[in-house]
Amino acid sequence: MDKVRSPLFYVGDKYKLMPQLSTMFPTEINTFYDVFVGGGSVSLNTQAKHYQFNDFDSNIMALHEYLLGHTQDLDAFLADMYERIDKYGLTHSEVRVHPQLAKFKEQYKKTYFAKLNKNSYMKLRDEYNQDKSQIALLYLLLVYGFNHMTRFNASGLFNLPVGNVDWNKNVTRALKHYGDFATINQPQLFNEDFEEFIKSREYQPGDFVYLDPPYLITASAYNQSWGEEEELRLYATIDWLTNQGVQWGLSNVVDHKGRHNDILNSWMVPYDVHEISSNYISRFDNTIKDSKEVYVTNVSTKI
Ligand SMILES: C[S@@+](CC[C@H](N)C(=O)[O-])C[C@H]1O[C@@H](n2cnc3c(N)ncnc32)[C@H](O)[C@@H]1O
């Protein structure tokens, strides 16, 4: 199976690591519990009979709910999105080259889409902030926003600036995969804290719990609410799963740019630990040798 991207283009998604991770997952999975689902790229690239998506970020879960409900009739969904793109006057490079694009590319080397879309994007952002039940607008903000992210200020207003991105064929392709996945698998959605979610499931033989929490020692927007207390609570919850005889796998980072996760390092000793060729490899970052990414599991794997 070719790996596919999530149309949420989530920062820190596991899309690139899937060829490594999936070889260590159980070969037959009954229900796949994606406890920290984010954009859902692990579920989208994993075969199972049933799926449950959970994340405590209610905006992410609202986007999943919206996409699950709409991408199954992809043509209608795209027609609606394209109409909105035209209404706001956003660029749409999948369909047409903007007449000013060449000139803007020359003038603004790395910000040409951002410059072209800024006013339209601000209009879209204002309209969304006036009525945040318009999840279609939130999805458009994610497509055109900085790094395809979502971010809200303390008063709950979406406050991310425009990005140097637009709706291209990769967005449509990712939506098609998501729609196909939704049609076949009908995942169930949950918006709970991980411990509450994990402890309230009724596990069956063949079930598998996958955990991709925020990493204690790396920098990311969703790491802000994560500290040592959450880290300890996570490992106690995973030990609880082990005692229940439930299969699980955890992605995490032990060392990163001189920081060490000692809690993880000592907790993982009795389990199977596999080193992963890191997500953090970057041709711009020569400190990369300091990063050690791991996959820890209680499922005995063949490799
Ligand atoms: C590393 S990201 C997951 C990325 C995901 N595997 C993907 O491929 O897109 C971690 C996620 O954990 C979520 N999260 C943070 N604290 C949580 C908690 N206490 N309970 C459940 N989810 C939480 C964040 O909202 C974030 O989406």
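The sequence shown begins at 1 in my numbering and counts up by one. All C-beta atoms, glycine included, are put in the ideal place defined by N, C-alpha and C.
Per the Cβ contact rule, the region 115 to 122 is in contact with the region 75 to 90 (3 or more Cβ pairs under 8 Å). In the DSSP assignment, the residues bridged to residue 52 are 33, 188. In the DSSP assignment, residue 92 forms no beta bridge with any residue. Distance from the C-beta of residue 19 to the nearest heavy atom of ligand 1 is not below 7 Å.
Residue pairing from DSSP places residue 296 in a beta bridge opposite 250, 273. With a 10 Å radius around the Cβ and a threshold of 16 neighbouring Cβ atoms, residue 167 comes out buried.
Nearest to residue 273 by C-alpha distance, out of 145, 210, 249, is 249.
Ranking 201, 220, 263, 69 by CA distance to the CA of residue 230 puts 263 first.
For residue 44, the enclosing alpha helix (DSSP H) stretches over residues 41 to 44. When the Cα atoms are used, residue 19 and residue 77 turn out to be separated by approximately 30 Å. With fewer than 16 other Cβ atoms from the protein chains shown falling within 10 Å of its own Cβ, residue 232 counts as exposed. DSSP, read as helix, strand or coil, puts residue 210 in strand. The three-state reading of DSSP puts residue 255 in strand, counting E and B together.
In the three-state reduction of the DSSP assignment, residue 148 falls in the helix class, which pools H, G and I. Contact check for residue 295 and residue 266: beta-carbon distance about 17 Å, past the 8 Å limit, so the pair fails to qualify. Within the same chain, Cβ atoms closer than 8 Å to the Cβ of residue 142 are found at 8, 9, 63, 148, 149, 150, the five residues on either side in sequence being excluded. Around the CB of residue 254, 16 or more other CB atoms lie within 10 Å, so the residue is classed as buried.
Going by DSSP, residue 200 is part of no alpha helix (DSSP H) at all; its letter is neither H nor E. Going by beta carbons, residue 48 and residue 60 fall outside the 8 Å limit. Here residue 32 is not near residue 271, since their CB atoms are 8 Å or more apart. With distances taken between CA atoms, residue 152 lies nearest to 138 out of 257, 73, 171, 138.
Under the Cβ criterion (8 Å, minimum of three pairs), the region 177 to 195 does not count as touching the region 215 to 225. Counting along the chain, residue 28 sits inside no alpha helix (DSSP H), nor does DSSP assign it H or E at all. Judged by DSSP in its simplified three-state form, residue 171 adopts helix. C-alpha of residue 116 to C-alpha of residue 104: approximately 8 Å in a straight line. For residue 94 and residue 146, the gap between their C-alpha atoms comes out near 19 Å. Exposed is the label assigned to residue 242, since fewer than 16 other Cβ atoms lie within 10 Å of its Cβ. Taken through DSSP and simplified to helix, strand or coil, residue 143 comes out as helix. Scanning 85, 140, 114 for the CA closest to the CA of residue 165 turns up 114.
Ligand 1 never approaches residue 258 closely enough for any of its heavy atoms to be under 7 Å from the residue's Cβ. Note on residue 71: 16 or more other CB atoms within 10 angstroms of its CB, so buried under the neighbour-count rule.
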